[in-house]
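A.B. asks:
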DNA sequence: CTGAAAGCGCTTACAG
DNA sequence: CTGAAAGCGCTTACAG
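Protein chains in written order, with the numbering used here: chain F, 2 to 361; chain U, 2 to 361.
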């Protein structure tokens, strides 16, 4: 078969890598057979299988993902979008959980299903414009909270399956979150019942964070039925960062504000900043003020005093998020759209437990 | 236009999302015009542009990434492969730099070029089998060190552009690393010349890590021209983890081994473990033993004493890695294949600088 | 400036 | 079990 008159080579791009045609020719088979062997579909004869595999090996052939995706209608890629830290450069990543959620949870689970993970950072400002583009490159999306309004989420969910981390699911989306309520409740009980503290404050995360809001509400609710009072107000607004936590304490003290007996922080980073700010002013933790966190990141164990906190099942949250998404992508009929995972109170020293005999 | 006899619907997949044909029809234009407007190519009339954009908006059309990639010969995706932590569950991520390198460096730079980042974790065992698959989904790869042999790297580089993080570039690949040599040299000079220490040890990372090897060699070299002695040997082999660092110290002390005046750790995590192990035995840092790290992760500032270390330009390393890769993907003729970025000695308390008057 | 058409590299019914 | 062929949804020379 030498090229005849119809051989009008177009040569748009300098053909670089091998195609399935090269493999088929090398193996003396059709591209259909090559495809079947490579995908384990049909039931190719073992000789066919061997010839294909040998040709693949000899040529170092790697199928093109884009062509597979277009043809099969499945990219085998999910997108994960996290909030970009607002003030890069000052502190470490705003979310030390990123690594863990993505790599240990989502990515591990995705790998088991043969999917890959596309990551993207976005701010509240550019998320609406960046997400559609991502949608085109993936089969489904896992989103950090506070990235999109419920309306925008619902709209996005018409394009492809969407799972959010934290908060209740918007219409058409799914959500995976931890049991903020139980966590804060256990914390407050420990502080009030076990330690006998009578004034508490909740140092919040971003005020529009559903997790932070849930934790605040849980604290209010639990304290109401207890002998403890809650110090609240706008000055107790943090932003999930150590710097934010320190700022709140500094401002409060500069104004002659009053410290509660125990400060329940929205997360560990905040607690870290609070403890630094208190230490700078010679205020002892937990003797004068108890401090607690949320998350149980690694540093929590290295602080002085070690941090009492609530552990989230980070890895499991990531796995669950992917599994929900995957089930939906593959068309599993009905998937639970609102998964709440259990948390665990981790009692260390910063709540006052280091001082023997003080526990009730 | 009602379907005629030629209407033999194949319906392989239940057509789900809109295509460029829907947009073209809605706008009363050809798909070529829609494509041109969407890609800013050619020079469409402003009326054409408007009609397309309106149709896109009204339909919430998002172009399919796989089709674009197949057609344009460019996926606009780079893959980043990191080493999976060996003993998950015990410690925090082995590499706290992951987050920073990927999100602040690579991802940020990729975003500027309109690329996305596919991440994947791999072990030394499964990397060879996982990488080809990733290669099919991306335009280029950024790899952690110790993932592939030089031979395997060279082979992979025939398939697509490859950049490694750390170590010298294998044939056909590119590399971005930090100036381990200058960092360790500055550290040793400070310990020996400024503090007058006369015995040093290097507590290594994984023995096959090019970074760790470079740091070890630099320490040997610098110490040789100084009055200081180096304690070496297989017992000083760590694995970049806090647990590994603690293990080395424990084993040494259990055997009645001798501690040097200063321990230069392969990274901050190791230093953290060493400091914990020493503290447990009542050995004071830096009074009895000085300890230094490498990386300057956030915890370094929160340790007691605060950690003297060498700061790597993490973010810049990520950016550079992507930029090299991008330049190669886009066919920029010749790209520097071995980029070494400068580091900075960060002097804090763990080297002994806290004790006033002790500095030379 | 715009449209008709080819082609990107696969998968998958459809026949044989 | 295997092959020929259509089709996935785009981009891009090529004409007009």
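Every residue, glycine too, gets a C-beta built ideally from N, C-alpha and C. Here the structure is a predicted model, which means the values were calculated and not measured.
Report the option in 47(F), 296(F) and 52(F) whose CA atom is closest to the CA atom of residue 26(F).
C.D. replies: Ranking the options by Cα distance to residue 26(F), first place goes to 52(F).
A.B. asks: Would DSSP call residue 276(U) helix, strand or coil?
C.D. replies: Helix at residue 276(U).
A.B. asks: If you drop the 5 nearest sequence neighbours on each side, which residues of the same chain put their C-beta closer than 8 angstroms to that of residue 76(F)?
C.D. replies: Same-chain partners within the cutoff: 66, 70, 138, 139 and 140.
A.B. asks: Using 8 angstroms as the cut-off, can you tell me whether the stretch 55-64 of chain U makes contact with the stretch 18-36 of chain U, which would need three or more C-beta pairs spanning the two stretches below that distance?
C.D. replies: The stretch 55-64 of chain U, when compared against the stretch 18-36 of chain U, does touch it at the 8 angstroms Cβ threshold.
A.B. asks: Anything in chain U within Cβ reach of residue 350(F), meaning under 9 angstroms, just list it in chain order.
C.D. replies: Those within 9 angstroms of residue 350(F) in chain U number zero; the least Cβ separation is about 14 angstroms.
A.B. asks: Output the boundary residues of the beta strand (DSSP E) element that contains residue 291(F).
C.D. replies: Element bounds for residue 291(F): 291-293.
A.B. asks: Ends of the beta strand (DSSP E) at residue 145(U)?
C.D. replies: Its beta strand (DSSP E) spans residues 141-145.
A.B. asks: Can you find the residues in the same chain that come closer than 6 angstroms, C-beta to C-beta, to residue 172(U), ignoring five residues on each side of it along the sequence?
C.D. replies: Closer than 6 angstroms at the Cβ level, and outside the excluded window around residue 172(U), lie 155.
A.B. asks: Counting only Cβ pairs nearer than 8 angstroms, list the residues of chain U close to residue 65(F).
C.D. replies: Simply 71 and 137.
A.B. asks: Check the Cβ-Cβ distances between residue 108(F) and every residue of chain U, and say whether any is below 8 angstroms.
C.D. replies: Yes, residue 108(F) counts as interfacial toward chain U.
A.B. asks: Leaving out five residues before and five after residue 223(U) in sequence, what residues of the same chain have Cβ atoms less than 6 angstroms from its Cβ?
C.D. replies: Cβ neighbours of residue 223(U) beyond the five flanking positions: 186 and 189.
A.B. asks: Can you give me, in chain order, the residues of the stretch 212-231 of chain F that have a beta carbon less than 8 angstroms from any beta carbon in chain U?
C.D. replies: Cβ contacts with chain U: none found.
A.B. asks: Indicate the three-state DSSP secondary structure (helix, strand or coil) for residue 347(F) in the structure shown.
C.D. replies: Of the three classes helix, strand and coil, the one that applies to residue 347(F) here is strand, per DSSP.
A.B. asks: With C-beta atoms as the reference, is residue 307(U) less than 8 angstroms away from residue 352(U)?
C.D. replies: Result no, Cβ atoms of residue 307(U) and residue 352(U) do not sit closer than 8 angstroms.
A.B. asks: Put residue 323(U) into one of helix, strand or coil per three-state DSSP.
C.D. replies: Helix.
A.B. asks: Nearest-angstrom Cα distance between residue 192(U) and residue 159(U)?
C.D. replies: Answer to the nearest angstrom: the Cα atoms are 45 angstroms apart.
A.B. asks: Rounding to the nearest angstrom, what Cα-Cα distance links residue 147(F) and residue 214(F) in this structure?
C.D. replies: If you take the alpha carbons of residue 147(F) and residue 214(F), they lie about 12 angstroms apart.
A.B. asks: Are any of the Cβ atoms in chain F nearer than 8 angstroms to that of residue 68(U)?
C.D. replies: Judged by the 8 angstroms Cβ criterion, residue 68(U) is in contact with chain F.
A.B. asks: Using the beta-carbon of each residue, which ones in chain U are nearer than 8 angstroms to residue 121(F)?
C.D. replies: Per Cβ cutoff of 8 angstroms: 108, 112, 117 and 118.
A.B. asks: Nearest CA to the CA of residue 264(F): which residue from 37(F), 144(F), 291(F) and 44(F)?
C.D. replies: Residue 264(F) has its Cα closest to that of 291(F), out of 37(F), 144(F), 291(F) and 44(F).
A.B. asks: Please determine if the stretch 273-282 of chain F and the stretch 249-264 of chain F are in contact, where contact requires at least 3 C-beta pairs separated by less than 8 angstroms.
C.D. replies: The stretch 273-282 of chain F vs the stretch 249-264 of chain F: in contact.
A.B. asks: With a cut-off of 8 angstroms, does the C-beta of residue 60(U) fall near any C-beta of chain F?
C.D. replies: No, its Cβ sits nowhere closer than 8 angstroms to a Cβ of chain F.
A.B. asks: Is the stretch 232-241 of chain U close to the stretch 193-209 of chain U, with three or more CB pairs under 8 angstroms?
C.D. replies: Yes, the stretch 232-241 of chain U is in contact with the stretch 193-209 of chain U.
A.B. asks: Could you tell me if residue 110(U) is buried or exposed, where buried requires 16 or more neighbouring beta carbons within 10 angstroms of its beta carbon?
C.D. replies: With 16 or more Cβ atoms within 10 Å of its Cβ, residue 110(U) is classed as buried.
A.B. asks: Counting only C-beta atoms, is residue 279(F) closer than 8 angstroms to chain U at any point?
C.D. replies: False, the Cβ-Cβ gap to chain U never drops below 8 angstroms.
A.B. asks: Can you tell me which of the three DSSP states residue 122(U) falls into?
C.D. replies: Strand.
A.B. asks: Beta-carbon within less than 6 angstroms of residue 120(U)'s beta-carbon, same chain only, minus the 5 sequence neighbours each way: which residues are those?
C.D. replies: Within the same chain, residue 120(U) has close Cβ partners 81.
A.B. asks: Could you pull out every residue in the same chain whose Cβ sits closer than 7 angstroms to the Cβ of residue 312(U), ignoring the five residues on either side in sequence?
C.D. replies: 297, 344, 345 and 347.
A.B. asks: Using 8 angstroms as the limit for Cβ to Cβ distance, is residue 42(U) near chain F?
C.D. replies: Answer no: the Cβ-Cβ gap between residue 42(U) and chain F never drops below 8 angstroms.
A.B. asks: Helix, strand or coil for residue 91(F), going by three-state DSSP, please let me know.
C.D. replies: A caution first: residue 91(F) carries a pLDDT of 39, below 50, which makes its placement in the model too unreliable to give a value.
A.B. asks: For residue 260(F), which of 200(F), 269(F), 302(F) and 124(F) has the nearest alpha-carbon?
C.D. replies: The residue with the shortest Cα to Cα distance from residue 260(F) is 200(F).
A.B. asks: What residue does the beta strand (DSSP E) around residue 71(U) start on, and which one ends it?
C.D. replies: Element bounds for residue 71(U): not the beta strand (DSSP E) but the alpha helix (DSSP H), 66-73.
A.B. asks: Please confirm whether residue 27(U) has its beta-carbon closer than 8 angstroms to some beta-carbon of chain F.
C.D. replies: Judged by the 8 angstroms Cβ criterion, residue 27(U) is not in contact with chain F.
A.B. asks: Closest Cβ-Cβ distance between residue 242(U) and chain F: below 8 angstroms?
C.D. replies: False, the Cβ-Cβ gap to chain F never drops below 8 angstroms.
A.B. asks: Consider the Cβ of residue 94(F): report whether some Cβ of chain U lies at a distance smaller than 8 angstroms.
C.D. replies: Annotation note: pLDDT 48 at residue 94(F) (below 50); position unreliable, coordinate value reported separately. Yes - at least one Cβ of chain U is within 8 angstroms of the one on residue 94(F).
A.B. asks: Rounding to the nearest angstrom, what Cα-Cα distance links residue 56(U) and residue 152(F) in this structure?
C.D. replies: Near 21 angstroms, if we compare the C-alpha coordinates of residue 152(F) and residue 56(U).
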